[in-house]
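S.K.: The structure follows.
Protein chains: 4
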Amino acid sequence: MRFFSDNAAAACPEVIAALSAANRLDTAYDGDEWSKRLDGALSDLFEREVEVLWIATGTAANSLALAALCPSHGAVLCHRDAHIQNDECGAPEFFTGGAKLLLAEGDGAKVTPESVETLIGGIRRDVHQVQPHALSITNATEYGLVYTPAETAALGELAKRHRIGFHVDGARFANAVARLGCAPADLTWRAGVDALSFGFVKNGGLSAECLVFFTPGLADATRYRRKRAGHLASKGRFLAAQILAMLDGDVWLRNARAANAAAATIAEAAGDRLILAAEANEVFIKVSADEAASLRAQGFDFYDWGPGEARLVTSWDSDPAHVAALASAIRAL
Amino acid sequence: MRFFSDNAAAACPEVIAALSAANRLDTAYDGDEWSKRLDGALSDLFEREVEVLWIATGTAANSLALAALCPSHGAVLCHRDAHIQNDECGAPEFFTGGAKLLLAEGDGAKVTPESVETLIGGIRRDVHQVQPHALSITNATEYGLVYTPAETAALGELAKRHRIGFHVDGARFANAVARLGCAPADLTWRAGVDALSFGFVKNGGLSAECLVFFTPGLADATRYRRKRAGHLASKGRFLAAQILAMLDGDVWLRNARAANAAAATIAEAAGDRLILAAEANEVFIKVSADEAASLRAQGFDFYDWGPGEARLVTSWDSDPAHVAALASAIRAL
Amino acid sequence: MRFFSDNAAAACPEVIAALSAANRLDTAYDGDEWSKRLDGALSDLFEREVEVLWIATGTAANSLALAALCPSHGAVLCHRDAHIQNDECGAPEFFTGGAKLLLAEGDGAKVTPESVETLIGGIRRDVHQVQPHALSITNATEYGLVYTPAETAALGELAKRHRIGFHVDGARFANAVARLGCAPADLTWRAGVDALSFGFVKNGGLSAECLVFFTPGLADATRYRRKRAGHLASKGRFLAAQILAMLDGDVWLRNARAANAAAATIAEAAGDRLILAAEANEVFIKVSADEAASLRAQGFDFYDWGPGEARLVTSWDSDPAHVAALASAIRAL
Amino acid sequence: MRFFSDNAAAACPEVIAALSAANRLDTAYDGDEWSKRLDGALSDLFEREVEVLWIATGTAANSLALAALCPSHGAVLCHRDAHIQNDECGAPEFFTGGAKLLLAEGDGAKVTPESVETLIGGIRRDVHQVQPHALSITNATEYGLVYTPAETAALGELAKRHRIGFHVDGARFANAVARLGCAPADLTWRAGVDALSFGFVKNGGLSAECLVFFTPGLADATRYRRKRAGHLASKGRFLAAQILAMLDGDVWLRNARAANAAAATIAEAAGDRLILAAEANEVFIKVSADEAASLRAQGFDFYDWGPGEARLVTSWDSDPAHVAALASAIRAL
């Protein structure tokens with residue numbers, strides 16, 4: 173019973189079906205009919221004209237977004253626990269040509285306007301220090317918390333005031349939207365966001381993420397950078413088709429709701445063990461080494477987050493029986 | 173009737189079936205059972221121990237190979253018409269951190285020991301010029317010719333003598349092997365090759381290529397570079413499964429033979445129009461603008477290679493009826 | 173008797189005196205009084221407002237200029253024999269983050285509007301090829317020829333039409349101006365030039381070159397890139413003082429005229445041996461291996477340019493007796 | 173009366189004299205007689221064979237050293253307050269091609285074996301995180317403390333154990349040696365150091381620093397990187413001559429002792445105001461805003477380090493009268 177990572181989940185049936193449906197001769201790269209429908213489909217979803225590039229991984233989507241917002245001699249501001257800082261092997265540095273990531277504080281991997289202002293305030297305005305060019309947040313965060321539309325907008329206002337770009341790593345954007353019940357626009361362009369890495373893979377996709385640009389012009393150079401990074405798949409229709417399949421009928425929301433609900437069940441069972449509110453599909457709990465061993469002995473697989481802490485991740489296809497079993501097992505500890 | 177590019181072909185049934193078969197919960201990235209079987213499968217094929225990384229595109233495979241062989245202050249030697257020089261938007265420069273590509277001559281996009289020696293001979297051995305660190309050839313070439321084992325070995329010997337790495341861009345490696353009827357080893361490590369970009373996508377794959385290292389040690393840093401370039405897919409099993417499906421029962425050779433045979437049929441029909449021998453799955457013919465228009469009017473789609481020249485590309489799934497129709501149409505010009 | 177390279181010449185007395193004069197406590201980096209006078213001094217010389225950065229080498233000046241004009245995914249157009257292509261160990265690639273240099277043809281290392289148009293015409297307008305972002309010429313060229321104001325303006329017009337930047341490598345800009353007798357403005361901004369690497373070191377300086385920006389805004393990011401490249405000297409006043417000393421009283425022109433005159437003397441003696449017109453301070457002549465050996469036996473040091481060819485370079489401090497001796501020796505061959 | 177920065181000091185007379193002495197025709201770049209003497213002179217000083225490259229700035233020396241020790245996909249470990257992290261505008265990232273700097277703790281900008289072990293211990297050994305490849309310390313530190321031979325050796329032992337390189341930023345190495353009275357070897361190779369940025373500019377030089385490699389082989393690629401970064405000065409003899417002049421007769425130590433002594437005088441006067449021991453040529457003291465204003469009103473120039481803190485820097489040429497005046501003024505606060 174696997175609560176290790178949503179990366180390990182299966183692809184949902186709609187995605188598999190879409191691959192078969194797209195399996196016919198068409199134009200290479202992104203000249204095919206599916207790829208051409210992406211801008212429209214996501215413009216509908218976001219209630220404004222957007223430019224969209226499919227891309228195989230979230231790391232690449234994040235890095236391409238940051239390269240569009242920050243020059244090689246600049247700095248990206250992010251949380252100390254951000255995925256771009258800790259889990260991408262320096263991909264942002266690679267794609268930007270050596271920009272620096274400067275780290276802000278905040279509980280649950282959430283930056284605040286105050287922590288970001290403190291960070292910016294500490295940067296001397298001279299050529300000896302890299303200057304801030306972009307702010308990047310993760311929604312839902314690496315600790316399973318969400319930024320509300322108001323919180324996002326406050327950061328967007330800050331970014332605008334300092335004339336820096338604003339990127340959202342949305343590897344679990346679907347889970348955030350599902351949790352908040354808001355419009356996708358409320359967490360993005362209406363809040364001042366320039367670019368969103370819109371994750372599908374953790375949420376039931378197979379190999380396709382979206383890079384969504386809300387600010388006109390940013391996509392242009394990114395198309396060259398995507399090719400140059402070896403990310404312009406020659407049979408791009410298979411990526412576009414996955415995304416379209418998940419947008420169609422709001423499969424993406426259905427999947428995220430399922431994952432969130434499973435996490436809520438576990439979180440409720442965890443009670444006082446809960447370290448942070450489980451606002452998306454991740455549950456962080458206190459467990460002793462013996463308790464962790466006991467859970468594992470019962471067949472539950474998960475990640476040791478730190479001494480005495482475990483991370484339990486649900487996904488769109490978490491088996492309800494497994495979830496119930498885990499909830500019972502935690503209660504019984 | 174599409175003879176534009178093998179990139180536009182469908183994925184073969186075995187690949188589609190493999191995706192469904194691999195669609196269950198497993199470990200993320202390359203920790204799954206399919207990914208773990210790759211080294212063994214390709215070691216069997218190449219008759220020696222190799223290290224293999226799946227990767228989504230040929231451009232990324234080529235660039236990662238070159239980054240493993242050439243430092244940022246070095247030079248890669250390749251043909252003037254090489255894909256890495258003309259069709260990858262500077263990906264080799266991006267992945268290597270700014271190495272230079274120095275260009276050798278040769279008919280049909282084939283370099284020769286002589287042309288490479290001439291190129292090397294023109295480089296001053298001082299710090300003002302970038303020094304050669306790698307040789308890269310494409311087999312089959314961008315013009316549909318093949319390097320024989322002996323030709324490859326002669327270049328391998330040259331590379332060894334100059335102590336530079338040797339890379340093969342094998343986007344159409346299957347077509348070369350199918351044509352030559354030799355062992356894959358004869359075109360690679362037995363001929364002194366350090367790294368091979370082994371293409372599957374043009375040959376019936378969906379989104380998976382292989383980077384095969386014959387020289388121990390080269391894979392180590394490449395694993396970090398792959399992650400850093402956003403190419404470590406979180407559901408890597410879907411890439412590994414495609415490759416295993418195409419290796420199983422030699423589907424890769426079956427597909428390549430079909431494409432080559434279709435090209436041979438067209439080449440035979442072309443007669444004196446043939447610009448180069450059609451040794452793989454590309455046919456370059458002389459056609460006037462009127463003739464090209466006539467072919468297009470009959471429903472044939474293809475690439476204008478230059479004034480008075482057309483490129484016709486076949487693929488594993490070229491419809492025999494379309495091939496026969498094209499052959500007739502060319503004869504009738 | 174040294175005719176090997178103007179790089180090997182001494183620094184002129186005004187420069188040495190300026191170093192002593194500047195040797196007192198002042199603000200670090202470029203906050204000192206000498207550095208602050210540079211913009212004004214060069215704005216006067218160029219008859220318009222310019223922004224100037226001192227920099228220690230011509231290679232760094234060229235590369236910073238190119239980085240200001242060309243993104244990492246773009247291309248710089250230059251002559252096949254350009255210093256930036258052949259003699260800077262990939263510095264343009266390093267500073268731009270991996271842009272490509274695309275090579276134009278032309279006699280005597282001079283590109284023409286036609287050769288540049290041919291080069292641009294061969295670039296496909298898709299994301300698979302790097303797109304042109306800058307044109308770079310060398311004046312005087314690596315072969316000692318000069319671009320006239322009209323020739324420069326024709327290239328500037330081309331650059332404007334294609335919306336690409338225009339850079340002049342002026343390692344021997346002084347020699348070109350001295351030869352042409354025109355205003356420095358005529359070879360730069362009036363001809364559409366955005367940035368000039370204005371060389372002083374070969375012309376009697378010790379360690380200071382200038383990067384002059386005619387197009388507002390380009391200097392801003394360059395100040396960060398200069399620091400980031402380790403080129404913001406902490407005692408920058410010693411660089412600024414050299415340049416001011418050479419501008420004062422037109423020492424730069426006096427020096428260049430002396431070098432040009434010495435070259436003219438040698439060129440006249442060379443007669444039919446002359447390979448190219450000696451328009452600046454370099455003379456390329458035909459000599460057999462025996463003749464070259466004979467000249468060397470008489471104490472003349474110079475560079476073998478190619479089989480049967482020698483390069484003779486004069487400098488601001490070429491000893492008239494040595495020049496006369498060389499002229500005689502060549503006549504006597 | 174200037175206590176702002178040792179960067180602003182004058183060049184010492186021996187250096188100025190050396191420039192004049194070197195001002196004659198010689199071979200360009202580093203082929204001249206002065207440059208050729210460097211390896212020997214520094215091998216003598218360090219009591220073993222070393223390889224030396226002159227370089228114009230400390231930022232470039234540091235970055236070239238780090239590029240020799242750390243690949244683009246790796247990490248450099250350094251103190252949170254290191255110059256390479258905070259004052260070089262991302263130069264290490266630029267020269268390494270995007271390596272990350274990971275930050276260790278410690279008082280007075282000094283790391284300890286414990287703080288470095290803690291940092292390393294927090295790095296997961298997988299491809300998602302950059303792995304440590306080098307440790308860099310500054311001696312004397314940015315806060316004017318020194319690492320003793322034993323402290324350096326303990327870090328060297330740690331580096332060896334983790335198989336990572338060890339670099340010393342010695343912008344004020346002379347001040348550390350002068351303070352400790354040890355052999356230069358004791359602070360470098362005998363303590364496991366691979367590369368030293370040996371600073372001369374702050375200590376009375378004009379424009380020359382040294383990059384000293386103790387580990388054979390590291391210099392080779394660095395020679396290309398130096399050229400590629402635009403740091404191979406064409407009249408390199410003027411850099412080499414400065415260094416030789418400062419080594420001759422231990423001018424470097426004489427200068428450093430003078431600066432240290434001036435700092436000691438001020439530190440003694442500071443008494444309880446002293447924030448850290450003044451072990452080199454920097455004094456950090458507590459002063460209120462009013463007190464700082466009072467000092468400035470008396471003609472003293474210095475840097476506000478933080479709220480209620482001032483940094484006072486002495487140099488080789490600090491006027492004893494000014495130093496005495498400052499000591500009195502501080503006592504009188």
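If you read the sequences in order, they're chains A, B, C and D.
Residues in the first sequence are numbered consecutively from 173, following the working numbering.
Residues in the second sequence are numbered consecutively from 173, following the working numbering.
Residues in the third sequence are numbered consecutively from 173, following the working numbering.
Residues in the fourth sequence are numbered consecutively from 173, following the working numbering.
Beta carbons are placed, not taken as given, at the ideal position from N, Cα and C, and that holds for glycine.
(1) Nearest to D:Glu196 by alpha carbon, out of C:Pro185, C:Val485, C:Leu197?
(2) B:Glu223 to A:Ser379, Cα distance in whole Å?
(3) What does the alpha-carbon distance come out to for the pair B:Ala194 and B:Gly377?
(4) May I ask you to report which of helix, strand or coil DSSP gives B:Phe372?
(5) Taking 8 angstroms as the threshold, find out whether the segment 244–264 of chain B comes into contact with the segment 443–459 of chain B through three or more Cβ pairs.
(6) Which residues in the same chain as A:Ala181 place their Cβ atom closer than 6 angstroms to its Cβ, once the five residues preceding and following it in sequence are excluded?
(7) Would you mind working out which of D:Leu498, D:Ile227, D:Ala428, D:Ala401 sits nearest C:Thr231, comparing C-alpha positions?
(8) C:Val373 touches chain D at which residues, Cβ-Cβ below 9 angstroms?
(9) Just to confirm the assignment, what range does the alpha helix (DSSP H) spanning B:Asp491 have?
(10) Exposed or buried, C:Arg397, counting other C-beta atoms within 10 Å across all chains shown (16 or more means buried)?
(11) Find the residues of chain D that neighbour C:Tyr396, judging by a C-beta separation of less than 9 angstroms, and give them in chain order.
(12) Determine the direct distance from the alpha carbon of B:Ala428 to that of B:His255, and round the result to whole angstroms.
(13) In terms of residues, what are the limits of the beta strand (DSSP E) holding C:Asp341?
(14) Taking only runs of the beta strand (DSSP E) that begin and end inside the segment 185–242 of chain C, which ones reach a length of at least 3 residues, in chain order?
(15) Taking only the alpha-carbon atoms, compute the straight-line gap between B:Gly293 and C:Asn311 and give it to the nearest angstrom.
(16) Are the Cβ atoms of B:Gly342 and B:Thr387 separated by less than 9 angstroms?
(17) Taking 9 angstroms as the threshold (beta carbon to beta carbon), is D:Asn258 in contact with chain A?
(18) Can you confirm whether the segment 351–364 of chain A touches the segment 261–277 of chain A when touching is taken to mean that 3 or more C-beta pairs between the two stretches lie within less than 8 angstroms?
(19) With a cut-off of 8 angstroms, do at least 3 Cβ pairs link the segment 457–474 of chain D to the segment 301–311 of chain D?
(20) For the segment 205–225 of chain A, list every residue whose C-beta sits within 7 angstroms of some C-beta in chain B, in sequence order.
(21) Does the beta-carbon distance from B:Asp202 to B:Gly371 come in below 9 angstroms?
(22) Would the segment 206–220 of chain C and the segment 271–283 of chain C be scored as touching if the rule is three or more Cβ pairs under 8 angstroms?
(23) Candidates D:Ala263, D:Asp253, D:Cys242: which alpha carbon is nearest A:His245's?
(24) Mapping DSSP to helix, strand and coil, what is B:His305?
(25) Could you tell me the alpha carbon to alpha carbon distance between C:Glu260 and C:Arg426, rounded to whole angstroms?
(26) Starting from the beta carbon of B:Glu265, find every residue of chain C whose beta carbon is closer than 7 angstroms, and list them in chain order.
(27) Flag this pair as yes or no: are the beta carbons of A:Ala228 and A:Ala405 separated by less than 9 angstroms?
(28) Answer yes or no: the CB of D:Gly443 versus the heavy atoms of the ligand SAH, is any distance below 8 angstroms?
(29) In whole angstroms, give me the CA-to-CA distance for A:Pro356 and B:Trp226.
(30) By alpha-carbon positions, which one of B:Ala504, B:Ile438, B:Ala461, B:Val283 ends up nearest to B:Ala496?
(31) Closest Cβ-Cβ distance between D:His300 and chain E: below 9 angstroms?
(32) Can you tell me which of the three DSSP states A:His251 falls into?
(33) Considering only C-alpha positions, which residue in the set D:Ala435, D:Ala200, D:Phe385 is nearest to D:Ile502?
(34) If you check the beta carbons only, do A:Leu467 and A:Gly316 fall under 9 angstroms apart?
(35) If you count every other CB in all the chains shown that lies within 10 Å of the CB of D:Pro492, and 16 or more means buried, which is it?
(36) Going by alpha carbons, who is nearest to D:Ala499 out of D:Asp420, D:Leu446, D:Glu205?
M.R.: Looking at the atomic coordinates:
(1) For this step, residue 196 of chain D is matched to residue 24 along the fourth sequence. First, the amino acid is wrong: residue 196 of chain D is Arg here, not Glu. Of the candidates C:Pro185, C:Val485, C:Leu197, the one whose C-alpha sits nearest the C-alpha of D:Arg196 is C:Pro185.
(2) Within the second sequence, residue 223 of chain B is the residue found at index 51, counting from 1. Within the first sequence, residue 379 of chain A is the residue found at index 207, counting from 1. CA-CA distance, B:Glu223 to A:Ser379, rounds to 23 angstroms.
(3) For the purposes of this step, residue 194 of chain B is taken as residue 22 along the second sequence, with counting starting at 1. For the purposes of this step, residue 377 of chain B is taken as residue 205 along the second sequence, with counting starting at 1. Note on geometry: alpha-carbon atoms of B:Ala194 and B:Gly377 lie some 15 angstroms from one another.
(4) Locating residue 372 of chain B in the second sequence gives position 200, counting from the first residue. Under the three-state reduction of DSSP output, B:Phe372 falls in the coil class, being neither helix nor strand.
(5) Contact check between the segment 244–264 of chain B and the segment 443–459 of chain B: fewer than three CB pairs, one atom from each, fall below 8 angstroms, which does not count as touching.
(6) One-based indexing of the first sequence puts residue 181 of chain A at position 9. The residues Ser487, Asp489, in chain order, have a CB closer than 6 angstroms to that of A:Ala181 in the same chain once the five nearest residues on each side in sequence are set aside.
(7) The residue given as residue 231 of chain C occupies position 59 in the third sequence. It is D:Ala401.
(8) Within the third sequence, the letter at position 201 stands for residue 373 of chain C. Within chain D, the C-beta atoms nearer than 9 angstroms to that of C:Val373 come from Ala405, Ser406, Lys407, in chain order.
(9) Your numbering for residue 491 of chain B matches position 319 in the second sequence. From DSSP, B:Asp491 is part of no alpha helix (DSSP H); its letter is neither H nor E.
(10) Along the third sequence, read from residue 1 onward, the residue named residue 397 of chain C stands at position 225. Buried, by the Cβ-count rule.
(11) Your numbering for residue 396 of chain C matches position 224 in the third sequence. Within chain D, the residues near C:Tyr396 are Cys261, Gly262.
(12) Residue mapping note: residue 255 of chain B aligns to position 83 of the second sequence, counting from 1. Residue mapping note: residue 428 of chain B aligns to position 256 of the second sequence, counting from 1. So the two alpha carbons sit approximately 20 angstroms from each other.
(13) As a first step, residue 341 of chain C is located in the third sequence; it is residue number 169 there, counting from the start. Per DSSP, C:Asp341 is one residue of the beta strand (DSSP E) stretching across 337–342.
(14) If we require 3 residues or more, the beta strand (DSSP E) runs fully inside the segment 185–242 of chain C come out as 223–227.
(15) Stepping through the second sequence from its first residue, residue 293 of chain B is reached at position 121. Stepping through the third sequence from its first residue, residue 311 of chain C is reached at position 139. CA-CA distance, B:Gly293 to C:Asn311, rounds to 28 angstroms.
(16) Sequence index remark: in the second sequence, residue 342 of chain B carries index 170 (1-based). Sequence index remark: in the second sequence, residue 387 of chain B carries index 215 (1-based). No. Outside cutoff.
(17) Taking the first residue of the fourth sequence as 1, we reach residue 258 of chain D at position 86. Answer yes: the Cβ-Cβ gap between D:Asn258 and chain A drops below 9 angstroms somewhere.
(18) Contact fails: fewer than three Cβ-Cβ distances are below 8 angstroms.
(19) For the pair of segments examined, the segment 457–474 of chain D was found not to touch the segment 301–311 of chain D: the number of CB pairs separated by less than 8 angstroms stays below three.
(20) Going along the segment 205–225 of chain A in chain order, one finds no residue with a Cβ nearer than 7 angstroms to chain B.
(21) Start at 1 with the first residue of the second sequence, and residue 202 of chain B comes out as number 30. Start at 1 with the first residue of the second sequence, and residue 371 of chain B comes out as number 199. Cβ distance not < 9 angstroms, so B:Asp202 and B:Gly371 don't count as in contact.
(22) The segment 206–220 of chain C is not in contact with the segment 271–283 of chain C.
(23) On the first sequence, residue 245 of chain A is found 73 positions in, with the first residue counted as 1. Ranking D:Ala263, D:Asp253, D:Cys242 by Cα distance to A:His245 puts D:Ala263 first.
(24) In the second sequence, counting from the first residue as 1, residue 305 of chain B sits at position 133. When DSSP states are grouped into helix, strand and coil, B:His305 belongs to the strand group.
(25) For this step, residue 260 of chain C is matched to residue 88 along the third sequence. For this step, residue 426 of chain C is matched to residue 254 along the third sequence. Those two C-alpha atoms are separated by around 28 angstroms.
(26) Indexing the second sequence from 1 puts residue 265 of chain B at position 93. Ordered by position in chain C, the residues that pass the 7 angstroms Cβ test against B:Glu265 are Glu265, Gly270, Lys272.
(27) Locating residue 228 of chain A in the first sequence gives position 56, counting from the first residue. Locating residue 405 of chain A in the first sequence gives position 233, counting from the first residue. Result yes, Cβ atoms of A:Ala228 and A:Ala405 sit closer than 9 angstroms.
(28) Absent from the structure shown: the ligand SAH. Ligands present: none.
(29) Here residue 356 of chain A refers to the residue found at position 184 when the first sequence is read from its first residue. Here residue 226 of chain B refers to the residue found at position 54 when the second sequence is read from its first residue. Roughly 34 angstroms between the two C-alpha positions.
(30) Numbered from 1 along the second sequence, position 324 holds the residue referred to as residue 496 of chain B. B:Ala496 has its Cα closest to that of B:Ile438, out of B:Ala504, B:Ile438, B:Ala461, B:Val283.
(31) No chain E is part of this structure, whose protein chains are labelled A, B, C and D.
(32) One-based indexing of the first sequence puts residue 251 of chain A at position 79. Strand at A:His251.
(33) Taking the first residue of the fourth sequence as 1, we reach residue 502 of chain D at position 330. Measuring from the Cα of D:Ile502, the nearest candidate turns out to be D:Ala435.
(34) Taking the first residue of the first sequence as position 1, residue 467 of chain A is located at position 295. Taking the first residue of the first sequence as position 1, residue 316 of chain A is located at position 144. Contact flag unset, no.
(35) In the fourth sequence, counting from the first residue as 1, residue 492 of chain D sits at position 320. Exposed is the call here.
(36) In the fourth sequence, the residue the question calls residue 499 of chain D occupies position 327. For the residues D:Asp420, D:Leu446, D:Glu205, the minimum Cα distance to D:Ala499 belongs to D:Leu446.
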